[in-house]
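The opening position of the sequence shown corresponds to residue 49 in our numbering, with each subsequent residue numbered one higher.
No residue lacks a Cβ here, since even glycine has one placed at the ideal position from N, Cα and C.
Below: one structure, written as structure tokens.
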Amino acid sequence: MIALIVSHFVLAACAGPLVRRLGRLAFVVLALPPAAATVWAATRWAGAADGKAVTWSWEWIGTYDVSVALRLDALAELMVLLAAGVGMLVLLYCASYFSDDTPQLAAFAGNLLAFAGAMLALVLADDLITLYVFWELTTVFSYLLIGHTSTRKQNRRSALQALTVTTLGGLAMLVGFLILGQAAGTYQISAIVADPPEPTLAVSTAVVLVLCGALSKSAIWPFSLWLPNAMAAPTPVSAYLHAAAMVKAGVYLVARLAPGFADIPVWRPVVLVLGGATMLLGGWRALRLNDLKLVLAYGTVSQLGFLTVLAGAGNRDAALAAAAMILAHALFKAALFLVVGIVDHAAGTRDLRALSGLGRTMPFLCAVAVLSAASMAAVPPLLGFAAKEAAFEAMLSGGTADRWALAALVAGSVLTVAYTLRFVWGAFARKAGVADTPAHRVGVALVAPPAVLALAGLVLGPGVGWTDRLFAAYADVFPAPAHAYHLALWHGFGTVLLLSALAWAGGAVLFAGRGTVTRVSRRIAWPTADSVFGHLLLGLERLALQVTGFVQRGSLSGYLAITMVVMLTGQLAVLFTDRPWEGAVAPRVWDTPLQGAVAVLTCAAALSCLTVSRRMKAVVLAGLTGYGTALLFVVQGAPDLALTQFCVETVSMIVFVLVLRRMPVRFEESIGTWRRLVRIPVALGAAATVGVAVWAAGAARIAEPAGAAMVEEVAHHGLKDVVATILVDLRAWDTMGESAVLAAAAIGVTSLIYLHRRGETSVNRDELRGDETAWSLSGRRLSGLPQGDDTAPERSWLAAGSTLAPEHRSVVFEVVGRLLFHPILVLSLYLLFCAENMPGGGFVAGLVAGLALITRYLAGGRFELAEAAPLQPGLFTGLGLFVSTGVALGGLLEGTVLHAWTYYGHLPVFGDYHLSSSVLFDFGVYLLVLGVVLDIVRALGAKIDRQIERAAGALAPAPDTGSGGPNR
């Protein structure tokens, strides 16, 4: 099972090269994984029909009993056959539907196959968290597929709407899954359904949240607005996602959980009422539309309501009917969508008012459409008839609520027959007053996929008994009724057949009076859900603008004050509610007097910041507070923290200085008396609250400190540095997450500075007019001082020394920068590799290496930095993330992510050595931090230098390289 799923994603990743080499015929190759999944599922039919299940699992998060678990039972067998079988036919259809020059064909092909893989994993998942992961993957891929033609506003809007609705439902469902998993003590779906938790308030709430996710996925009212708009997607997407796959996910989840939760009081009212309402509303809306694809879209919404009622009814016969109807609906609706694509492809329009005579022009396609439509209208001997007979019988044999639901289903079936007749008439009939629509011939390969689906519906009508054992294996999970229903094409004359005849007759009457029905429907039409959604979004946007305008006024001090007030309010509420100081150990002033002295000096530096008017002095004083904090770490005996704090503070001060070049020398914001009176108590209150919270947290400890155990564990592995081991081994997950956040933050911030492309910072000296750079430009010349070569060093100590004005060069700084650059790099490597036993680590080592590059930049400017680091920062950042992630995934060879291993060896000269995965992981952190520092220095240093040079006219105009050249 897992191999089939992985093969989908692997081949999807190869879609680009395949499409470039084979063109549209690449879809034939991409159809191989779904074909293999179809064959594999077909070979498991007998076992699933006998009630046997095929399982596979891999422990993912053992602490919470979360596994990547897969399970093929009767219901999953049906869904796998649909997801894989229909997916295979749709991919083959694409090979004829598209042309080789279709824009973004490779991306479309890869996304479609990846969606098929996600859908396959979803229906096989036997773990709630695993199911949610693939649930959201189908959402993401559907977003990409619906918005495939991204140049059209309608596609972008429809894709975003589908993503918004289904993602919000998915988030609600995730909360429900977490509650169910905690209540049941396991996240395994089969175990939860077999032994559901007690129906407490929490469980009932969880069920409602899960239903929100399922109903939003299957476009059940009030979440049905996204599906008709999703018809902006290419026709193969509609045939697959919106007929056989994605929209069936919600129905599948309802059917999967119904055996365990249908008896909970909130289940049936939600499912029966919303499902019945959706069937009626969708069918009624389909009667007044003229776009064939939209007629099918609203018909799909109606049929999904029908399926939801059956899947959630909670009895054995309804579950049997639901399985049969899921199969029938996938066959006839996918075929009809493919037919619409062919009509649009051949005639150039989908407007039923403009189409005429296609039944004579394309008789074979018309026959395929009639077969599929007859199944949708439940006409014998098609599969749709057998499935609807089973549905009516199941609801007729139920209680009062089921009888009311049956009335809605019969009314919905009347509407189904009416819009089915309207579809066939609109697409293929010859209309009075309308000239026959010209249409070109289509190949057999294009018509074959819908023909196969239509013939399957025809064959499985009389042969529906073949599916009875499989569907009964799922339905028998429910309590057995006195007289169990069995699928068959003919059950004789009776009430159920009378109801079917009533649906046919009523639908024919509505179709005969279609003009009147259309006028009445439009006259009494409510505001569309899409219009309501648009107005809600517009109102939300306006509210956001109002709130943004009120809160974000461009004052950093105001933002800080708001943040501190919110934090202060929350902390005070918790403190006064819990009163953690009661019974807590009183805080000590200090452990040693030296701590007090350092703290006093640090506070003095912080208070001095309030009295200065120059930005540079404020930066220096703020830096002193950071160095004071580092000294406190030293006094406390934490050299790792102290070393990191010193390096971070040094880099931060340099970055501040680089930024200050583009800012006024003095603070320009005037602070009135009343503002100062407000800010002082807020600042003091926030500081006091944080101090009390830290003391309360430390005093609340009741367990033994973990330090001794960690020291023992680290020593057991022959190591000494506990802090470094925690970062790269015991809590490596945290380090991975923090590394990714650091990279994203650095890239985001520096991208704001690179207004155009990030690669636009030129390091070509030929662009300079003369040799003046930002390091040789000044607002005014100093009189009385030597100029030019009088002060120049006798030799150049820097690689880019020629770009510096002689009067701005410092021989001492150049010599020091030249001599210390390589030793600092060696020191960074030493700090990297000694971290197991001495203070150091990848983070601080990367900062030290970054300081070496900063030294070169400060000594010689942006050209010197380019000589010292000719590679792009993104290379270091990306390579660091790749190495860290690769080491983490390499642990899978031993059974779990981030599993640590150590290799021992012997070298002739150096003697014994050992190499551990934690060192390689730390090396990735080293490269990432180095890349981040280099990116910041280039953005805030070299980029600003270039801006200064451009403003001073020191840059030569960029040559015209055309639109495809680099943006210099």
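Residue i versus the options, residue with shortest Cα-Cα distance
i	options	result
Met136	Val707, Ala83, Ala239 and Ala426	Ala83
Phe559	Val568, Ala592, Leu337 and Tyr467	Tyr467
Gly606	Ala731, Ala376 and Ser966	Ala731
Ala654	Ser55, Gly676, Thr111 and His531	Gly676
Val213	Gly71, Arg998, Ser266 and Val223	Ser266
Leu211	Trp274, Leu263, Gln236 and Val223	Trp274
Ala382	Gly362, Asn363, Arg398 and Leu419	Leu419
Arg333	Val427, Gln643, Ala345 and Leu322	Ala345
Val171	Leu130, Ala415, Leu919 and Gln202	Leu130
Leu978	Ser964, Ile992, Gly934 and Ala917	Ala917
Pro687	Ala756, Val633, Ser569 and Asn885	Asn885
Gly460	Ser206, Ser144, Leu679 and Gly353	Gly353
Gly446	Thr326, Asp365 and Tyr191	Asp365
Ala487	Ala280, Ala117, Ser404 and Leu193	Ser404
Ala90	Trp552, Gly360 and Thr515	Thr515
CB contact flag (residue i, residue j, <7 Å)
i	j	result
Val500	Ile390	no
Leu386	Gly505	no
Leu708	Gly989	no
Ile53	Leu168	yes
Ala376	Gly432	yes
Arg662	Arg714	yes
His196	Phe156	yes
Leu222	Tyr180	yes
Leu301	Ala262	yes
Leu879	Val863	no
Ala883	Ala772	yes
Trp269	Leu340	no
Gly324	Val357	yes
Leu537	Ala434	yes
Thr925	Leu963	no
Leu368	Phe526	no
Span of the beta strand (DSSP E), counted from its first residue to its last, around residue i
i	result
Ala117	Val114 to Leu120
Residue i - containing alpha helix (DSSP H), residue span
i	result
Thr103	Unbroken run through Thr103 is the beta strand (DSSP E), Val102 to Ile109; no alpha helix (DSSP H).
Tyr467	Thr448 to Phe476
Met373	Arg364 to Ala395
Lys341	Leu340 to Gly360
Pro729	Thr721 to Ala747
Arg779	That residue, Arg779, is in no alpha helix (DSSP H); it is neither H nor E in DSSP.
Arg316	Trp315 to Ala334
Pro282	Here Pro282 belongs to no alpha helix (DSSP H), and DSSP marks it neither H nor E.
Ile53	Ile50 to Ala61
His870	Val859 to Phe881
Tyr905	Gly890 to Ala916
Ala520	Asp516 to Ala523
Euclidean distance between Cα positions of residue i and residue j
i	j	result
Ala840	Leu901	Legend: pLDDT at Ala840 = 49, less than 50; position of this residue unreliable, no value from coordinates given.
Pro635	Ala734	19 Å
Leu955	Ala239	54 Å
Arg68	Thr283	22 Å
Glu912	Thr950	40 Å
Ala173	Arg567	47 Å
Ala231	Val981	47 Å
Ala60	Gln202	26 Å
Val931	Phe969	7 Å
Val472	Arg571	25 Å
His531	Ala439	15 Å
Gly807	Pro921	Here the model assigns Gly807 a pLDDT of 48, short of 50, so the residue's position is not dependable and the matter cannot be decided.
Leu66	Val76	10 Å
Val255	Phe309	8 Å
Residues sharing a beta bridge with residue i, DSSP
i	result
Tyr961	Gly953
Ala632	In the DSSP output, where bridge partners are listed per residue, Ala632 has none listed.
Ala173	Leu118
Ile662	Checking the sequence shown, residue 662 turns out to be Arg, not Ile. In DSSP, Arg662 forms a bridge with Arg714.
Asp243	In the DSSP output, where bridge partners are listed per residue, Asp243 has none listed.
Gln236	Asp175
Asp399	Asp339
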